[in-house]
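Just add 65 to wherever you are in the sequence shown, counting from 1, and you've got this note's numbering.
Glycine included, every Cβ here is placed at the ideal spot set by N, Cα and C.
Written below as structure tokens is the structure these notes are about.
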Amino acid sequence: MKSACHIACSCCLKQEDRCHYFQEVFRLASEHRDGLYQMRASAIFTLEEAVIASTSVILHDDFIVDFIIYSNFPLRINCDNILISIIKASDSGLSPFRKKTHIRNPSLTFKNHEHLPNFRPIRKQLPPEINVNSTYEKRNGKIVSCSVGCANAHELLKRADSTTNQVESDIIIKGDYSLCMSMNNVTLEPGKNKVQLKMKTEDKGMFKLSQICYKIKQLELLKTLSQCDLQFEVVCNEPSVQLKPLKLDKFLAGIQQDVILVINTGSYYIPNASTISLEFNGPVSLITDRGDNTLKLDAAESQETVEYKLSLFLETKQQLKQTTDIQMSCKLDCWDKIMTYNLIFYHPFHITHKLHTSKEKKFLQLTVIGNVKSEFTLLRPELSCLNCLDLELIPFNKLEHQWKVSCDQTATFVWSIKSNISELPNLDLCFNVKYTSIQDKSGEQRLFSYICHLEQFQTQYLLDYELKTSEEKCCKTGESTLLQIHVQKASTCNKPDSRLVYQVSDNTSWAVAGKSTGVFDIADDEYSTTIDVIPLQSGLQHLPLVTLYQYVDSNQNQNEVWVRKPSDSEIKDGKKSQNITRFTPFNTGEVYNNSKCQQVHIQPTKSSLDTEFIVAL
Numbered sequence: 066m067k068s069a070c071h072i073a074c075s076c077c078l079k080q081e082d083r084c085h086y087f088q089e090v091f092r093l094a095s096e097h098r099d100g101l102y103q104m105r106a107s108a109i110f111t112l113e114e115a116v117i118a119s120t121s122v123i124l125h126d127d128f129i130v131d132f133i134i135y136s137n138f139p140l141r142i143n144c145d146n147i148l149i150s151i152i153k154a155s156d157s158g159l160s161p162f163r164k165k166t167h168i169r170n171p172s173l174t175f176k177n178h179e180h181l182p183n184f185r186p187i188r189k190q191l192p193p194e195i196n197v198n199s200t201y202e203k204r205n206g207k208i209v210s211c212s213v214g215c216a217n218a219h220e221l222l223k224r225a226d227s228t229t230n231q232v233e234s235d236i237i238i239k240g241d242y243s244l245c246m247s248m249n250n251v252t253l254e255p256g257k258n259k260v261q262l263k264m265k266t267e268d269k270g271m272f273k274l275s276q277i278c279y280k281i282k283q284l285e286l287l288k289t290l291s292q293c294d295l296q297f298e299v300v301c302n303e304p305s306v307q308l309k310p311l312k313l314d315k316f317l318a319g320i321q322q323d324v325i326l327v328i329n330t331g332s333y334y335i336p337n338a339s340t341i342s343l344e345f346n347g348p349v350s351l352i353t354d355r356g357d358n359t360l361k362l363d364a365a366e367s368q369e370t371v372e373y374k375l376s377l378f379l380e381t382k383q384q385l386k387q388t389t390d391i392q393m394s395c396k397l398d399c400w401d402k403i404m405t406y407n408l409i410f411y412h413p414f415h416i417t418h419k420l421h422t423s424k425e426k427k428f429l430q431l432t433v434i435g436n437v438k439s440e441f442t443l444l445r446p447e448l449s450c451l452n453c454l455d456l457e458l459i460p461f462n463k464l465e466h467q468w469k470v471s472c473d474q475t476a477t478f479v480w481s482i483k484s485n486i487s488e489l490p491n492l493d494l495c496f497n498v499k500y501t502s503i504q505d506k507s508g509e510q511r512l513f514s515y516i517c518h519l520e521q522f523q524t525q526y527l528l529d530y531e532l533k534t535s536e537e538k539c540c541k542t543g544e545s546t547l548l549q550i551h552v553q554k555a556s557t558c559n560k561p562d563s564r565l566v567y568q569v570s571d572n573t574s575w576a577v578a579g580k581s582t583g584v585f586d587i588a589d590d591e592y593s594t595t596i597d598v599i600p601l602q603s604g605l606q607h608l609p610l611v612t613l614y615q616y617v618d619s620n621q622n623q624n625e626v627w628v629r630k631p632s633d634s635e636i637k638d639g640k641k642s643q644n645i646t647r648f649t650p651f652n653t654g655e656v657y658n659n660s661k662c663q664q665v666h667i668q669p670t671k672s673s674l675d676t677e678f679i680v681a682l
């Protein structure tokens, strides 16, 4: 088989002889059933050129190699398969495009033409002809031996063991073709043939072409490619998307703002007329030219960044957090993947409410607090009751004015709640205000609503307390004085007669002598008692704080009961004493403390080290 192949591919023989042996090669390859003929392909097929389309291939894309194969056969031949085995390159066998290479100029070449020599380099010329001498040796008229000698053999030949290149072995072994490029039914004409092989990449890393196999029936012609350094890299840089504000440093809820959609293609490319669809897991409105959540894209190459201008709107609403987290999902019709990006929308302001009491009158304060630097304008505030019509809401602000709100400025609104009935139910109040911003692309006025709940807020009891001292005797530090407590039912009280608890809090300014807490019943809609207190500091001091509670779990019928405080050992052990009476606080606004902010002048004693200064203004 080897001899027939070499004769068929020899250019020095006649065409008829070559064709005859070519048919012999084809016959032997077709009739042989015991195994495969394996031999080198160098003398039969010459691989003149191999061009890798791209040395960096994206995962799951096609890796393409263009070959120019020179066929030495005299006739056209049909190869059942052309296969190229591929192996994963080791760390030491990196591709040339991954190495730092140093390029040297050829000898006697200069970038500056002034340094060029005025003669060409002289090389030793090969002899135009070979002189051969024949020698015959005769004995008794007969030729005994003959020989042929070359006179200039020393100029043509050299010893093989003097070369640095390793002598190639005649034995070749078929490599591993578990990972390979292949092409079936390839027709090769005599001379040059262009063949393109492709393979879909399935793994990342560095790979190199190891061996090529031409299979003709039972004949396999092999050629190693390890010395050709044909390597490629399979990469996978995932694409990514990003959404960022155009003019602001953050996303703001409640306004329509321009944003930039940034797409980084990574290792992928975007064909022309592709579309991207954007989905949000929250109430985000996307404003595009097409009127939906899709956007038409232009063509983009791999490792390219493209930007598109959009508009977003997220309605701001009443909530505890000042931000809202939104996840954006993007899907391109040309890519089988979904990309996500997390957005944080900052609400421009939030509202708090507080109920104020002046004896039996009620006032509701609403404060609009800015969260961002951008300035928002508030106008036309309104307060309404959703579940009761038997009351009047009287504003204290001039509603035709405008208010500015930002992180450096707040706006406050106050309404008086006037009841037309004796007993009001729990109220659901709705505060509506219009707002505008110069950052809003639409420029329209938008509505913000805030709902608050008021439960059992009508005044039930009026609490007063004061120090009782004689006119000639002033209050001094360290001396006991009387604190008179007076509790009276309000005209709006709708609670049944029940026991109450008062508690006097001692602090660094006052000490309570004796009892500090007591349980009592209100007779004739009022109650009074006195407690001994001792001032500890001189100067203007607030009165001891007295707090009123509702009394529970008491079965005693006496007019006044003292509540025993738990001992330190009971608190430390966490034990519950059956003798400790429980009491619960009132709701906000049910008790009006008329003396909470009252102060009294305490004079120091002569024995103390305190000194009082009086400054006249």
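- Is the Cβ of residue 135 closer than 8 Å to any Cβ of chain C? Absent here is chain C; the protein component of the structure consists of one chain.
- Message: Could you compute how far the alpha carbon of residue 468 sits from the alpha carbon of residue 308?
- Response: Each residue's alpha carbon lies about 32 Å from the other.
- Message: Considering Cα atoms alone, identify which of 242, 98, 475, 599 is closest to residue 576.
- Response: Among 242, 98, 475, 599, the Cα nearest to that of residue 576 belongs to 599.
- Query: If we call anything under 8 Å between Cβ atoms a contact, is residue 145 one with residue 281?
  - Reply: yes
- Item | Pick from 92, 206, 81 that is closest to residue 66, judged by C-alpha positions | 92
- Message: I believe residue 278 touches residue 112 by the beta-carbon criterion, under 8 Å. Please report the beta-carbon distance rounded to the nearest angstrom.
- Response: About 12 Å separates the beta carbon of residue 278 from that of residue 112, a gap too long to meet the 8 Å contact definition.
- What number of angstroms, rounded off, separates the C-alpha of residue 106 from the C-alpha of residue 286? Looking at the two C-alpha atoms, the distance is approximately 5 Å.
- Task: Answer with buried or exposed for residue 489, where buried requires no fewer than 16 other C-beta atoms within 10 angstroms of its C-beta.
- Result: buried
- Query: For residue 72, which three-state DSSP category applies?
  - Reply: helix
- Query: Would DSSP call residue 96 helix, strand or coil?
  - Reply: helix
- Query: Across which residues does DSSP place residue 460 in a beta bridge pair?
  - Reply: When DSSP reads this structure, residue 460 sits in a beta bridge with 480.
- Using only alpha-carbon positions, find the residue among 213, 392, 432, 101 that is nearest to residue 195. 213
- Query: Rounded to a whole number of angstroms, what is the C-alpha to C-alpha distance between residue 358 and residue 333?
  - Reply: 23 Å
- Taking residue 271 as part of the beta strand (DSSP E), name the residues at either end of that continuous run. 270 to 281
- Query: Is residue 621 helix, strand or coil when you go by DSSP?
  - Reply: In this predicted model, residue 621 has a pLDDT of only 46, less than 50, meaning its place in the structure is not dependable; the value taken from the coordinates is given anyway. For residue 621, the secondary structure class from DSSP, reduced to helix, strand or coil, is coil.
- Message: Taking the beta strand (DSSP E) that residue 362 belongs to, which residues open and close that run?
- Response: 359 to 362 is the span of the beta strand (DSSP E), which, as asked, contains residue 362.
- Nearest-angstrom Cα distance between residue 291 and residue 239? Taking the CA atoms as reference points, residue 291 sits about 13 Å from residue 239.
- Task: Could you check what DSSP says for residue 292 in three-state terms: helix, strand or coil?
- Result: helix
- Message: Can you determine whether any heavy atom of the ligand GTP sits closer than 7 Å to the C-beta of residue 543, and answer yes or no?
- Response: Ligands in the displayed structure: none, and consequently the ligand GTP is not present.
- Along the chain, where does the beta strand (DSSP E) that runs through residue 203 open and close? Looking at the DSSP string, the run of the beta strand (DSSP E) that includes residue 203 is 197 to 204.
- Euclidean distance between Cα positions of residue 623 and residue 456: For residue 623, the predicted structure reports a pLDDT of 44, less than 50, and the residue's modelled location is therefore unreliable. A value from the coordinates is still provided. Going from the Cα of residue 623 to the Cα of residue 456 covers about 41 Å.
- Message: Out of 651, 495, 441, 477, which one is the CA nearest neighbour of residue 458?
- Response: 495
- Message: Restricting to Cα atoms, I'd like to know which of 300, 412, 247 is closest to residue 440.
- Response: 412 is the residue among 300, 412, 247 whose C-alpha sits nearest the C-alpha of residue 440.
- Can you give me the Cβ contacts of residue 209 inside the same chain, cut-off strictly under 8 Å, excluding the 5 residues immediately before and after it? 202, 203
- How long is the line joining the alpha carbons of residue 294 and residue 328, rounded to whole angstroms? Cα to Cα, residue 294 sits roughly 36 Å from residue 328.
- Item | Residue from 531, 70, 118, 478 whose Cα sits closest to the Cα of residue 683 | Residue coverage of the chain in this structure runs from 66 to 682, which leaves residue 683 outside it and unanswerable.
- What do you get for residue 609, buried or exposed, if any count of 16 or more other CB atoms within 10 angstroms of its CB means buried? Residue 609 should be labelled buried.
- Query: Where do the ends of the beta strand (DSSP E) carrying residue 666 lie?
  - Reply: Residues 664 to 667.
- For residue 443, which beta-bridge partners are listed by DSSP? Partner(s): 468, 500.
- Message: Restricting to Cα atoms, I'd like to know which of 344, 462, 449, 472 is closest to residue 406.
- Response: 344
- Name the one or two DSSP bridge partners that residue 541 has. 668
- Task: Out of 464, 528, 545, 555, point me to the one whose CA is closest to residue 568's CA.
- Result: 528
- Task: Confirm, please, whether the CB-CB distance from residue 317 to residue 504 is below 8 Å.
- Result: yes
- Item | Own chain partners of residue 387 with C-beta closer than 7 Å, once the 5 adjacent residues on each side are dropped | 411, 412, 415, 436
- Message: Suppose you measure from the CA of residue 438 to the CA of residue 463; what does that come to, to the nearest Å?
- Response: 26 Å
- Query: Using CA coordinates, which residue listed in 526, 544, 377 is at the minimum distance from residue 534?
  - Reply: 544
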